[in-house]
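**Q** Attaching a single structure in structure tokens format; questions to follow.
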Amino acid sequence: MTMLIPVLGDQLSPSLASLQHVDRSKAVVLLMEVWDEATYVRHHKKKIAFIFSAMRHFAEELRSGGWSVDYVALDDPENTQSFTGEVERAARKYRATSIRTVAGAEYRVFQAQKTWSDNIGIPCDVLEDDRFICSLEDFKQWAKSRKTLRMEYFYRDMRQKTGLLMNPDDTPVGGQWNFDHDNREKPPSGLNYPSPERFEPDAVTRNVLNLVKTRFGDHFGDLEPFSLPVTRQQALKALEAFIDISLPDFGRFQDAMMTGQDYLYHSSLSLCINIGLLTPLEVCEAAATAYENGDAPINSVEGFIRQIIGWREYMRGMYWRDMPEFVSRNALAAKRPLPDFFWTGKTEMNCLAQSIDQTKREAYAHHIQRLMVLGNFALLAGINPQEISDWFLVVYFDAFEWVELPNVIGMSQFADGGKIASKPYVGSGAYINRMSDYCGKCHFDVKQKTGVKACPFNALYWDFLARHETRFSKNMRMKNMYATWHRFSEEKRQEYRASASAFLETLTPASSGWARNHDPE
7 MTMLIPVLGD QLSPSLASLQ HVDRSKAVVL LMEVWDEATY VRHHKKKIAF
57 IFSAMRHFAE ELRSGGWSVD YVALDDPENT QSFTGEVERA ARKYRATSIR
107 TVAGAEYRVF QAQKTWSDNI GIPCDVLEDD RFICSLEDFK QWAKSRKTLR
157 MEYFYRDMRQ KTGLLMNPDD TPVGGQWNFD HDNREKPPSG LNYPSPERFE
207 PDAVTRNVLN LVKTRFGDHF GDLEPFSLPV TRQQALKALE AFIDISLPDF
257 GRFQDAMMTG QDYLYHSSLS LCINIGLLTP LEVCEAAATA YENGDAPINS
307 VEGFIRQIIG WREYMRGMYW RDMPEFVSRN ALAAKRPLPD FFWTGKTEMN
357 CLAQSIDQTK REAYAHHIQR LMVLGNFALL AGINPQEISD WFLVVYFDAF
407 EWVELPNVIG MSQFADGGKI ASKPYVGSGA YINRMSDYCG KCHFDVKQKT
457 GVKACPFNAL YWDFLARHET RFSKNMRMKN MYATWHRFSE EKRQEYRASA
507 SAFLETLTPA SSGWARNHDP E
């Protein structure tokens, strides 16, 4: 009697449900590096290296813990290069009598898992991923009873469920649920900004880097320098460093953007949480303990915890609630191709150039760069939401479809018609100037509203409102925007729209093939 336990690349947790209550002497754990997963979109080189290295280290940890592990490397000549193919091959190899696995976090992976029993001819138990705080059934019940599915109310329920930052009488610590009004400061220049904990690649990681360089050299992004945490021990060290050094100032500066400061006070722990090196609850508990000990203020701790038990869990629930239709939503009928500068970084708009260059180097940008620079531009310019969604999925080391897709299609691009966001996240150049130092060194003038030297965000902002006035003019949160628009003279409105049109004509579409997969050589 042999149980086969396939473990996916984002399931690298000792607490994984499929690894619990199992007789290790009668089980084989299967980990697989497969071409299908590395190239269904052409992931950033650093992202592939991070996941493969973490998988290889996790396999060694399992072996040290007494597990029998079959690790299939990408360049194994017998590798079928798909999850289903490798599970079927391993089942034959070990004469497995059953399969036990945890449900994939992405829809297409879960659909494949559901076929394994019939295709392979042995029972396959697909377990729920209990590393999430809110089960899919619980989210379904929460959503079922509500007319609008706003994250804020879901977040409050998660606070009560976990007890994080809650008083004994079930009221929020500090007397309010969120402290965003304290989290919008622009940091002064000259501060001694921290950087995330760095880790020197060991021999295992070096082998992976050589593999990625050889097999994925034409993918987007810089492979080296590589210093990401690839083991649970390293992830815990990165968490400790964030809590001790960055968390105290995370809150007030979390929306800020500074040239040459890729991380500011952000944790970049999302990559460790999303592949299982850390659990979301232990990260939140560490932050809450810092507040309780007087080591971090409430606005920082609450804002950080909200990103995890609020947005992260909520986006996962919305993804599974609305798949597979979510992928193709385009409520604003946006059709413009993705501009080539999203891949090359060659644009005279400094905020975009800075954010894309950082993305290329680090496979990382923080949430305001993603939402209010890159996403804001795509929304204002009418970029096809599927193309910008693919781009986000490719370029960030923490991007998995279950969290990336609802964030981009729903929150960033309003392509779901407002199921996630109550209004579009749009802003002019004034917002970027207020929250960053990007505008001071830009080819364009943020204070000019129209014309060839004006910041393109200014005209694009008003052009977007004009194009979608029928849809948004009655939105109470946009009432003041449209009141301002209608105070402009007709001549001024036409000037804005003409300036936007002239800029959009300068955009060069990206060549095909950057985002989606190609066949192995």
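In the working numbering, each residue's number is its place in the sequence shown (first place is 1) plus 6. Glycine included, C-beta positions come from ideal geometry on N, C-alpha and C. Remember, it's a predicted structure, so these values are computed and weren't measured experimentally.
(1) Under three-state DSSP, which class holds S24?
(2) Determine, using beta-carbon pairs with one atom in the stretch 23–32 and one in the stretch 45–65, whether at least three such pairs fall under 8 angstroms.
(3) Figure out for me which residue from R156, L283, S276, I128 has the closest Cα to the Cα of P20.
(4) Would you list the one or two residues that DSSP bridges to Y77?
(5) Thinking just about the alpha-carbon of each residue, which of F248, D301, S428 is nearest to the one in S276?
(6) Helix, strand or coil for R522, going by three-state DSSP, please let me know.
(7) Sorted by chain position, which residues of the same chain lie with C-beta nearer than 8 angstroms to K447's C-beta, five sequence neighbours on each side aside?
(8) Which residues in the same chain have their Cβ closer than 7 angstroms to the Cβ of T86, if we skip the five residues on either side of it in sequence?
(9) Under the rule that 16 or more other beta-carbon atoms within 10 Å means buried, what is K52, buried or exposed?
(10) Of the choices P235, Y113, D29, P12, whose alpha-carbon is the least far from that of P412?
(11) Report yes or no: do three or more beta-carbon pairs, one from the stretch 34–53 and one from the stretch 412–431, lie closer than 8 angstroms?
(12) If you count every other CB in all the chains shown that lies within 10 Å of the CB of N184, and 16 or more means buried, which is it?
(13) Out of E288, G309, Q166, which has the shortest C-alpha to C-alpha gap to H187?
(14) Shortest alpha-carbon distance to A102 belongs to which of K32, D124, T45?
(15) Would H449 be called buried (16 or more neighbouring beta carbons within 10 Å of its own) or exposed?
(16) Across which residues does DSSP place M9 in a beta bridge pair?
(17) Could you name the residues of the same chain whose beta carbon sits closer than 6 angstroms to that of V409, not counting the 5 residues immediately before and after it, in chain order?
(18) May I have the straight-line CA-CA distance separating G351 from E298, to the nearest angstrom?
(19) Which residues mark the beginning and the end of the alpha helix (DSSP H) in which L197 is found?
(20) Alpha carbons only, please: which of P12, L10, D16 is nearest the one belonging to C278?
(21) According to the neighbour-count rule (16 or more other Cβ atoms, all chains shown, within 10 Å of its Cβ), is P330 buried or exposed?
(22) When we look at the beta-carbon of G296 and count the other beta-carbons within 10 Å, is it buried (16 or more) or exposed?
(23) What residues in its chain sit with their C-beta under 8 angstroms from that of V28, if we drop five residues either side in the sequence?
(24) Are the beta-carbon atoms belonging to L270 and A55 less than 8 angstroms from one another?
(25) Are the beta-carbon atoms belonging to F205 and P254 less than 8 angstroms from one another?
(26) Would you say A465 and F509 are within 8 angstroms of each other, going by their C-beta atoms?
(27) How is R342 classed by DSSP in three states: helix, strand or coil?
(28) Return yes when the Cβ of R342 is within less than 8 angstroms of the Cβ of G416, no when it is not.
(29) Taking Cβ positions, are V556 and H50 nearer each other than 8 angstroms?
(30) Rounded to a whole number of angstroms, what is the C-alpha to C-alpha distance between D82 and D224?
(31) Which residues in the same chain as D541 place their Cβ atom closer than 6 angstroms to its Cβ, once the five residues preceding and following it in sequence are excluded?
(32) Under three-state DSSP, which class holds P174?
(33) Between S434 and A262, what straight-line distance do the alpha-carbon atoms span, to the nearest angstrom?
(34) One question on the structure: do I139 and I315 come within less than 8 angstroms of each other, judged by their Cβ atoms?
(35) Which class does M264 belong to by DSSP, given the choice of helix, strand or coil?
(36) From what residue to what residue does the beta strand (DSSP E) around V333 run?
**A** Answer, in terms of the structure:
(1) helix
(2) no
(3) L283
(4) L37
(5) F248
(6) strand
(7) T265, N356
(8) E92, R95
(9) buried
(10) Y113
(11) no
(12) buried
(13) G309
(14) K32
(15) exposed
(16) A33, S104
(17) M321
(18) 43 angstroms
(19) Run containing L197: none; DSSP gives neither H nor E here.
(20) D16
(21) exposed
(22) Looking at the sequence shown, residue 296 is not Gly but Ala. Burial call: buried.
(23) M9, I11, R106
(24) no
(25) no
(26) yes
(27) strand
(28) no
(29) The requested residue 556 does not occur in the structure, where the chain is confined to residues 7 to 527.
(30) 21 angstroms
(31) With the chain covering only 7 through 527, there is no way to say anything about residue 541.
(32) coil
(33) 16 angstroms
(34) yes
(35) strand
(36) Premise fails: V333 is in no beta strand (DSSP E) and is neither H nor E.
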